[in-house]
Amino acid sequence: MTQSKKKKRVNRSLLLAKKIIIKDGGTPQGFGSPSVYHAVIVIFLEFFAWGLLTAPTLGVLHETFPKHTFLMNGLIQGVKGLLSFLSAPLIGALSDVWGRKSFLLLTVFFTCAPIPLMKISPWWYFAVISVSGVFAVTFSVVFAYVADITQEHERSMAYGLVSATFAASLVTSPAIGAYLSRAYGDSLVVVLASAIAMLDICFILVAVPESLPEKMRPASWGAPISWEQADPFASLKKVGQDSTVLLICITVFLSYLPEAGQYSSFFLYLRQIMGFSSESVAAFIAVLGLLSIVAQTVVLSLLMRSIGNKNTILLGLGFQILQLAWYGFGSEPWMMWAAGAVAAMSSITFPAVSALVSRTADPDQQGVGQGMITGIRGLCNGLGPALYGFIFYIFHVELDEVPDGGEDVERHTQLHQQSAIIPVLHFFSERAQCCWRSSWRYSSLNTHRWAADRAAGRNTHRLTGTSTALSLRRLKSLCCRTPTCERKP
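Heads up: the sequence shown begins at 1 in the UniProt record's numbering, then just goes up one per residue.
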């Protein structure tokens, strides 16, 4: 009797422990009830770890691909973005079936997996970055997590807080990474980033509770998953049948395609063309992050209450057009800083779009809806960098060794601000200059000939169509022989 009572007590204690630790289909409950702050911490730690590697990545990228650096950067980001486009609807649909926590753990783990490889093997580092795009869809799972635990009228503010946290993670991490890299070397930065990534994984494993209730998870009561729902191409077909979602996806694609290309090469552009030092790039990111935090929290909430969701998206798109044009035609460092302020205001677009998608999608399909938008962004992350890298490759813009301090940076800045503002303007500037010089040479040559003809008594008042054509061909031949027009092999 005594032994049987002891066994019953042990069994009861085990059952009690299981109820405390495990609930909802075997998922660890974490600390407290699900909240937006759990999602915020996950996003902050992940992108803080990657932000530390901003400066070291530039050096490793140039050392690994000394030729065609921009092109290779575009191809790496392109493969990663394309894979995330294909996997985002699948990950979102699976999280609708099995819950958010396990897929948060999966996406963060594979997104941060390349970090330790930076110093072990740069080739493996860039290869794993490309392949990690299959699971680099943390935002879609996080936004679905937030949609599970917030009311519809609260989601725009919650999404703004998550997006602002992403910006906040970039406020100090690039500056810290640049300082540690300069003082102690890249190895310490990689170790620190790896430790923060491990902390993020442990936080999800131990502290993050499941947000999707058991009654809304088909896997918990034996319902099979719909693979048509998880198929990215089937999701695109579904998009075409819903005019509202179709317009949202087109908006995301057209707005994020140029922005993705810009972000993939922007830090390289600041150093190569504008002559920014590593510290200046880190300071630029910090200021941009601070302004984005204000825009995505205070400004976004005011705009959503005053002008509504749709008009907020339109205003954000207007800021985005302005900042892209400003960056493209800016020729002074202060213009880059001013354009950064406008870019921070344009960051209100994506949380406003995500809030609109969450209102359109059904409660049991939040993962699919957010995965669809994240997949479109992933496609842009693939096409944008590849497109920009190809443009840089066409115009022979490569990453040179840029000095980091003092007078060398100032001379480098002055050199590039004269003619290399952007590759297209630089190209047409060269053509215009060489043709002007050729036309001047040809006009001088014609002046001497006209004086000689007049002295000889020949007719100098009538110019036939044949002579005009000959003159144009002669001008073209002179222009093509101008040294500045000769393209380097």
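Each residue gets a CB set at the ideal place from its N, CA and C atoms; glycine is no exception.
Fair warning: this is a prediction, and the values are worked out from it, not measured in the lab.
Quick one, are the C-beta atoms of residue i and residue j less than 9 angstroms apart?
i: Tyr327; j: His68; result: no
i: Leu300; j: Ser156; result: yes
i: Cys380; j: Ala260; result: yes
i: Ser140; j: Thr374; result: yes
i: Gly378; j: Ser84; result: yes
i: Met72; j: Phe143; result: no
i: Ile120; j: Ala193; result: no
i: Met372; j: Ala88; result: yes
i: Leu82; j: Gly384; result: no
i: residue 494; j: Leu45; result: The structure shown has nothing for residue 494, since the chain only spans 1 to 489.
i: Ser163; j: Ser358; result: no
i: Ala343; j: Gln323; result: yes
i: Lys80; j: Glu210; result: no
i: Gly74; j: Leu170; result: no
i: Val208; j: Leu106; result: no
i: Thr64; j: Trp123; result: yes
i: Leu86; j: Val134; result: yes
i: Ile376; j: Cys249; result: yes
Pull up the distance between the alpha-carbon of residue i and that of residue j, whole angstroms please.
i: Phe266; j: Leu212; result: 38 angstroms
i: Pro179; j: Phe284; result: Correcting the residue type first, residue 179 is Tyr in the shown sequence and not Pro. Tyr179 and Phe284: Cα-Cα distance of roughly 15 angstroms.
i: Ala197; j: Ala49; result: 6 angstroms
i: His153; j: Ala136; result: 28 angstroms
i: Leu315; j: Gly185; result: 43 angstroms
i: Ala352; j: Gly177; result: 31 angstroms
i: Ser277; j: Arg271; result: 6 angstroms
i: Val66; j: Ser280; result: The residue you asked about is not Val; residue 66 is Pro in the sequence shown. The alpha-carbon atoms of Pro66 and Ser280 are separated by roughly 23 angstroms.
i: Val294; j: Gln320; result: 17 angstroms
i: Val252; j: Leu61; result: 29 angstroms
i: Ser243; j: Ala361; result: 13 angstroms
i: Ile273; j: Leu205; result: 44 angstroms
i: Ile43; j: Phe31; result: 17 angstroms
i: Thr336; j: Val287; result: The sequence given here places Met at residue 336; Thr does not occur at that position. The alpha-carbon atoms of Met336 and Val287 are separated by roughly 12 angstroms.
i: Thr297; j: Gly340; result: 18 angstroms
i: Phe395; j: Leu53; result: 28 angstroms
i: Ser95; j: Tyr145; result: 9 angstroms
i: Asp148; j: Ala55; result: 37 angstroms
i: Ser187; j: Leu117; result: 11 angstroms
i: Val190; j: Ala183; result: 14 angstroms
i: Phe110; j: Tyr256; result: 24 angstroms
i: Gly92; j: Ala168; result: 25 angstroms
i: Phe47; j: Met345; result: 20 angstroms
i: Gly160; j: Leu268; result: 28 angstroms
i: Gln262; j: Gly275; result: 17 angstroms
i: Thr172; j: Gln241; result: 44 angstroms
i: Pro489; j: Phe70; result: For Pro489, the pLDDT reaches just 36, beneath the cut-off of 50, and the residue's location in the model is therefore unreliable, leaving the point undetermined.
i: Ser33; j: Pro174; result: 33 angstroms
i: Thr138; j: Val36; result: 15 angstroms
i: Trp334; j: Leu317; result: 23 angstroms
i: Leu303; j: Glu332; result: 32 angstroms
i: Leu387; j: Gly330; result: 21 angstroms
i: Ala338; j: Ala325; result: 12 angstroms
i: Ala282; j: Leu90; result: 36 angstroms
Taking the beta carbon of residue i as the centre, do at least 16 other beta carbons fall within 10 Å, making it buried, or is it exposed?
i: Gln370; result: buried
i: Ile22; result: Residue placement at Ile22 cannot be trusted, given a pLDDT of 39 that sits under 50; the coordinates are not used to answer.
i: Trp98; result: buried
i: Gln418; result: For Gln418, the predicted model reports a pLDDT of 37, less than 50, meaning its position is unreliable and no value from the coordinates is stated.
i: Asp200; result: buried
i: Gln151; result: exposed
i: Lys310; result: exposed
i: Gln77; result: buried
i: residue 547; result: For the chain, the structure presents residues 1 to 489; residue 547 sits outside this window and is missing.
i: Gly308; result: exposed
i: Leu415; result: Note that Leu415 has pLDDT 36, beneath the 50 cutoff, so the model's placement of it is unreliable and no number is given.
i: Ser306; result: exposed
i: Ser181; result: buried
i: Leu247; result: exposed
i: Leu291; result: buried
i: Ala39; result: buried
Verify the CB distance criterion: does residue i have a CB-CB separation below 9 angstroms to chain B?
i: Arg182; result: The question asks about chain B, but that chain is absent: this structure has only one protein chain.
Is the beta carbon of residue i within less than 8 angstroms of some heavy atom of the ligand ADP?
i: Ala260; result: Although the ligand ADP was asked about, the structure shown includes no ligands whatsoever.
Note to self: Just to confirm the assignment: which complete beta strand (DSSP E) runs, minimum length 3, are found wholly within the stretch 88 to 121?
What the structure shows: The qualifying runs do not exist here; there are none.
Margin query: Threshold first: 4 residues or longer. Then list the alpha helix (DSSP H) segments lying entirely within the stretch 278 to 366, N to C.
Written below: For the stretch 278 to 366, whole alpha helix (DSSP H) runs of length 4 or above, ordered along the chain, are 278 to 294, 300 to 306, 308 to 329, 333 to 346, 349 to 360.
Check: Which full runs of the alpha helix (DSSP H) of 4+ residues lie inside the stretch 170 to 221, going along the chain?
Finding: Taking only runs of at least 4 residues, the alpha helix (DSSP H) segments lying wholly in the stretch 170 to 221 are 186 to 206.
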